[in-house]
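**Q** Positions 969 to 1315 (this note's numbering) are the ones given, in order, by the sequence shown. Beta carbons are placed, not taken as given, at the ideal position from N, Cα and C, and that holds for glycine. Values in this document were obtained by computation on a predicted structure and should not be read as measured data. The following block contains the structure, expressed as C-alpha cells.
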Amino acid sequence: MRRFSGKMSVAVLSAVALTAGTFTATAAHASGPLREHAEQRGIEIGVAINDGLLSNQQYASIAGSEFSQVTAENVMKWETLQPSQGQFNWGQADQIVDFAKQNNQRVYGHTLVWHSQTPGWVQGLGAGEMDTAMREHINAVLGRYGDDVEVWDVANEVIGDNAQLRNSFWLQTLGEDYIANAFEYARQADPDAELCLNDYSIDGINAKSDAYYQLAQDLLARGVPLTCMGFQAHLILGQVPSDMQQNLQRFADLGLDVYVTELDIRMDLNGGAPTQQQLAQQAEDYRSVVEACLGVERCKGLTTWGVHDASSWVPDQFPGQGAPLMWDDNYQQKPAYTAVHDTLAGD
Ligand code: G3I
C-alpha cells in the first residue's frame, strides 16, 4: 500500500489562510508543491526540461520547485551527445544534471538507442561497426552519468505502429538482437541503473502494447537485464484509455517497474485558446492518468513532457493542436495542475 498523503496539511493550511483572510482559489498551491505529495505517495513526479529555457526565471522556478525528477527533452539524445564519431558534447546535458542536483532531483535518462535524432554517421555504419558504436556510446554516456542518472530509456520506440519491430536502420543493420545487446551493454556499463523500454501509443491494451508485452516476456526469459517499462502517454483530450491501469499492471506483474514517461494531453484549439470545457476535461484526463499510476504498486513515477504549453513539442507536430500541459503559455496553473495536485494529495 502506498502511504497516505497530505490531506491533513491541505486542511490545516486552508484553515490558516482563511483565518488570515487571505484564502483564494490557490489553496492547492498553498498546500505545497506536487513533489511533496508525490513523495508521500512513493512516486517521482517528473518533467522534461529544455536547457535553453532554464534562464527564464518562471520556467526554472516551476521546474525546480514542483518536480522531484527531470528528463532532458532533447540533449541526452545521441545527436547531441555524440554528433561526430568519438566527439562528445556534454555541456547541455551537464546543465540538466547540474540543475537537478541544485534542486535535489532525480534524473531520468532519455535515451540511449533510438531511430530518431541519431546522427547520419551512425546510420551509415556496417553491422560490426554499428554494434561497436552502440556499445561505445552506451559506455561513454553511462560512464559519465552513472552516478547521476538512476534510470535510462535504453531502447526507445523499437516497435512500430503496425505492432511489429520497427523497421529502423538498427533493425535492418543489426537484426533484432540489437535490443537485447543494448540492454546488455547498459548493464555492463552500470550495474545498478534501471533499464527501460519506452514507447508511445501503448498506454492502454492494444496490438502495440501486446507486442511489447510479448517482447518484454521474451527478453526476461532470455535473462536480458530489462527492469522497467516506460509508457509515454502522449494523449488526446478525452481519450485516456480506460484500461490504462490494467495495462500498466500487467507489465508490473512481469516484475518490471513502470513509469509514465512523457505525459501530455493535447486538444484542438481551432485557432484560439482552450475553452473552459476543454480545460475541465483535460483536468479529468490528467486525474485519470495519475490514478492509473497510483493504482499500480510498481508505478514509480509520472513525468509530463514539458513545463508549460508554450514550450511543448505538440504544435510543431500537430498544427492546430496544443495546450497539453499543466501550466499555460503565461505560466499560469491550469485546472490540470489542480487535478494532479489534489489527486496526489489524496483529495
Ligand atoms: O536543434 C535544432 C536547432 O539547431 C534548429 O535551429 C531547430 C530548427 O527547427 O531545430 C532544432 O532541433 C529540434 C530539436 O527538437 C531540438 O530542439 C528539431 O527541429 C525538433 O524536431 C526536435 O523535436 C523533438 C522531437 O522529440 C524529435 O523527435 C522535440 O523537441 C521533443 O519533445 C521530442 O520528444 C520525443 C521523445 O524524445 C520521444 N517520444 C516522443 C517525443 C515527442 O515527439
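Ignoring anything shorter than 4 residues or poking outside the stretch 1244 to 1284, list the alpha helix (DSSP H) runs there in chain order.
**A** You should have 1244 to 1262.
**Q** What does the Cβ neighbour count give for THR1272, buried or exposed, with the cut at 16 atoms within 10 Å?
**A** Within the sequence shown, residue 1272 is the residue found at index 304, counting from 1. Buried: at least 16 other Cβ atoms inside 10 Å.
**Q** Between TYR1027 and the ligand G3I, is the CB less than 8 Å from at least one heavy atom?
**A** As a position in the sequence shown, residue 1027 is number 59, starting the count at 1. Not under cutoff, so the answer is no.
**Q** Does the beta-carbon of TYR1168, which I'm using as the reference point, lie nearer than 8 Å to any heavy atom of the ligand G3I?
**A** Taking the first residue of the sequence shown as position 1, residue 1168 is located at position 200. Under cutoff, so the answer is yes.
**Q** Below 6 Å CB to CB, which residues in the same chain sit around VAL1117 once its five sequence neighbours on both sides are set aside?
**A** By one-based count along the sequence shown, residue 1117 stands at place 149. Cβ neighbours of VAL1117 beyond the five flanking positions: VAL1075, GLY1077.
**Q** Looking at the unbroken alpha helix (DSSP H) that takes in VAL1208, where does it start and where does it end?
**A** As a working mapping, residue 1208 is identified with position 240 in the sequence shown. Counting along the chain, VAL1208 falls outside any alpha helix (DSSP H), and DSSP gives it neither H nor E.
**Q** Determine, using beta-carbon pairs with one atom in the stretch 1022 to 1035 and one in the stretch 1224 to 1243, whether at least three such pairs fall under 8 Å.
**A** no
**Q** Give the DSSP-derived three-state secondary structure of MET1197 in the structure shown.
**A** Here residue 1197 refers to the residue found at position 229 of the sequence shown. Residue state, collapsed to three classes: strand.
**Q** To the nearest angstrom, how far is it from the Cα of MET1044 to the Cα of PRO1209?
**A** Sequence index remark: in the sequence shown, residue 1044 carries index 76 (1-based). Sequence index remark: in the sequence shown, residue 1209 carries index 241 (1-based). Their backbone Cα atoms lie some 30 Å apart in a straight line.
**Q** With respect to 8 Å, is the separation between the Cβ of HIS1202 and the closest non-hydrogen atom of the ligand G3I below this value?
**A** Counted from its first residue, the sequence shown places residue 1202 at position 234. Answer for HIS1202: yes, Cβ within range of the ligand G3I.
**Q** Have a look at HIS1309 and VAL1226 and give me their C-alpha separation to the nearest angstrom.
**A** As a first step, residue 1309 is located in the sequence shown; it is residue number 341 there, counting from the start. As a first step, residue 1226 is located in the sequence shown; it is residue number 258 there, counting from the start. Taking the straight line from one Cα to the other gives about 21 Å.
**Q** Which residue from GLY1014, GLU1004, PRO1001, GLY1000 puts its Cα closest to that of GLU1230?
**A** As a first step, residue 1230 must be located in the sequence shown, where it is residue number 262. If we check each option's Cα against that of GLU1230, GLY1014 comes out closest.
**Q** Comparing C-alpha positions only, which one of ALA1260, LEU1002, GLN1156 sits nearest to GLN1037?
**A** By one-based count along the sequence shown, residue 1037 stands at place 69. Comparing alpha carbon positions, the residue from ALA1260, LEU1002, GLN1156 closest to GLN1037 is LEU1002.
**Q** I'd like the list of long-range same chain contacts for GLN1053, defined as Cβ closer than 6 Å, with 5 residues on each side in sequence excluded.
**A** Position 85 of the sequence shown, counted from the first residue, corresponds to residue 1053. Result list for GLN1053: TRP1089, in chain order.
**Q** Run through DSSP, which three-state label would GLU1118 get?
**A** The residue you call residue 1118 lines up with position 150 of the sequence shown. Reduced to three states, the DSSP call for GLU1118 is strand.
**Q** Once the 5 residues before and after LYS1069 are set aside, which same chain residues still bring their CB inside 8 Å of it?
**A** Against the sequence shown, residue 1069 aligns to sequence position 101. The residues are ASP1116.
**Q** Have a look at TRP1295 and ALA1189 and give me their C-alpha separation to the nearest angstrom.
**A** Position 327 of the sequence shown, counting from 1, holds the residue named residue 1295. Position 221 of the sequence shown, counting from 1, holds the residue named residue 1189. Each residue's alpha carbon lies about 43 Å from the other.
**Q** DSSP state of GLY1290, grouped into three classes?
**A** Position 322 of the sequence shown, counted from the start, is the residue given in the question as residue 1290. Note: GLY1290 maps to strand in three-state DSSP.
**Q** Determine contact between the stretch 1190 to 1199 and the stretch 1241 to 1249, defined as no fewer than three beta-carbon pairs at a distance below 8 Å.
**A** no
**Q** In chain order, what are the residue ranges of uninterrupted alpha helix (DSSP H) at least 4 long that sit wholly in the stretch 1086 to 1158?
**A** 1088 to 1091, 1095 to 1113, 1137 to 1142, 1145 to 1157
**Q** Should the stretch 1242 to 1257 be regarded as contacting the stretch 1200 to 1207, the criterion being three or more beta carbon pairs within less than 8 Å?
**A** yes
**Q** Where does ASN1215 sit, in a helix, a strand or coil, going by DSSP?
**A** Counted from its first residue, the sequence shown places residue 1215 at position 247. The answer is helix: DSSP assigns ASN1215 an H, G or I state.
**Q** Count the other CB atoms within 10 Å of the CB of PRO1051; is the residue buried (16 or more) or exposed (fewer)?
**A** Position 83 of the sequence shown, counted from the first residue, corresponds to residue 1051. By the 10 Å Cβ count, PRO1051 comes out exposed.
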